[in-house]
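Data block below; observations after.
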Amino acid sequence: MPFRDTKTVIGIITEYGRKSLTWDVSSKQLKFSKQNGKDHIQKVLSNFAEGSQILAEEFGIHHISADELKIHCTETVLPKPIKPWTVNFPLDERELSEMQTNLRLS
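Here it is, written out as structure tokens:
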């Protein structure tokens, strides 16, 4: 779930606080944060292997490898419009075709 410049890998609310693992798109850093009562931990992880280990230890998720985590976190390249457009609803075949020809991969 992208939110501004952060992509949440996982986040949960616990009995005494919360914990989350996020990917910061702008700094390209994997971050773990945990709050348990008044204690608060925030840590920038050095690599995806450490992130995979956090998933296993903190969240009980053992089937996500470092490589799979990296694929999930890294930016997705989506097509962008060549020129600004307006979309006219309802969408018909002509409108969809026009939109498709106005896209390019960056």
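Residue numbering for the sequence shown follows the working numbering, starting at 15 and increasing by one per position.
Even for Gly, the Cβ is constructed at its ideal location relative to N, Cα and C.
Looking from the CA of ASP53, the closest CA among PHE103, GLN67, TYR30 belongs to TYR30.
Of the residues ASP38, LYS21, SER47, the one whose Cα lies closest to the Cα of ARG32 is SER47. Closest by C-alpha distance to ALA80, out of ILE68, GLU71, PHE62, LYS94, is PHE62.
Within the same chain, Cβ atoms closer than 6 angstroms to the Cβ of GLN56 are found at SER47, the five residues on either side in sequence being excluded. Distances from the alpha-carbon of VAL39 to those of SER111, ASN116, LYS21 put LYS21 closest. Distance from LEU59 to LEU69 at the Cβ level is roughly 11 angstroms; contact not present, criterion being Cβ atoms closer than 8 angstroms.
Residue pairing by DSSP places LYS33 opposite ILE26, LYS48 in a beta bridge.
Note on geometry: alpha-carbon atoms of GLY74 and LEU35 lie some 13 angstroms from one another. The continuous beta strand (DSSP E) containing LYS57 extends over residues 53 to 59. ASN102 and GLU109 do touch by the CB rule: their CB atoms are close to 6 angstroms apart, below 8 angstroms.
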